[in-house]
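Numbered by mature numbering (1 follows the signal peptide of the UniProt record, and there is no 0), the letters in the sequence shown go through residues -22 to -1, 1 to 87 in order.
Encoded as structure tokens, the structure appears first; notes follow it.
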Amino acid sequence: MSLQLTKLAAALFLTSSLVGCAAMVKTPYEQPNIQIPGSFQNSPVNGKQIHADVYADQWWTLFGDQQLNTLVNQVLASNTDLAVAGLTLRQARLRAELARNAELPRVNA
């Protein structure tokens, strides 16, 4: 009897939870009217025009902070862990490919 009562209580709880989470939309959604200009102009930063291809790998220089530039250059010069990790990953992939190829049948002439 208590098992049936537990199942009934769980079913009532789940049903009431689902009903409580149902979306109650009282008014239909109306998309707002947004005025979009026909064209945009790029504004220069500190009198310089930003070119994505020039600053793609040195974006922090746009801040014009010499201390930041020095710190980033020090980090880039001393951080070889990422390069070593990339080479280790490539080596592991090549070893896995060699192991896979060793399991394939061989043809002798």
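Backbone N, C-alpha and C fix where the C-beta goes; we use that ideal spot for every residue, glycine too.
Can you list, in chain order, the residues of its chain whose CB lies under 8 Å from that of residue i, leaving out five sequence neighbours each side?
i     : result
LEU72 : none
ASP35 : none
With a cut-off of 8 Å on the beta carbons, I'd call residue i and residue j a contact; round off their distance for me.
i     : j     : result
THR39 : ASN51 : Incorrect: roughly 10 Å between the Cβ atoms, too far for contact.
Sorted by chain position, which residues of the same chain lie with C-beta nearer than 6 Å to residue i's C-beta, five sequence neighbours on each side aside?
i     : result
GLN19 : none
Tell me which residues share the same chain as residue i and place their Cβ nearer than 7 Å to its Cβ, disregarding the 5 neighbours each side in the sequence.
i     : result
SER56 : none
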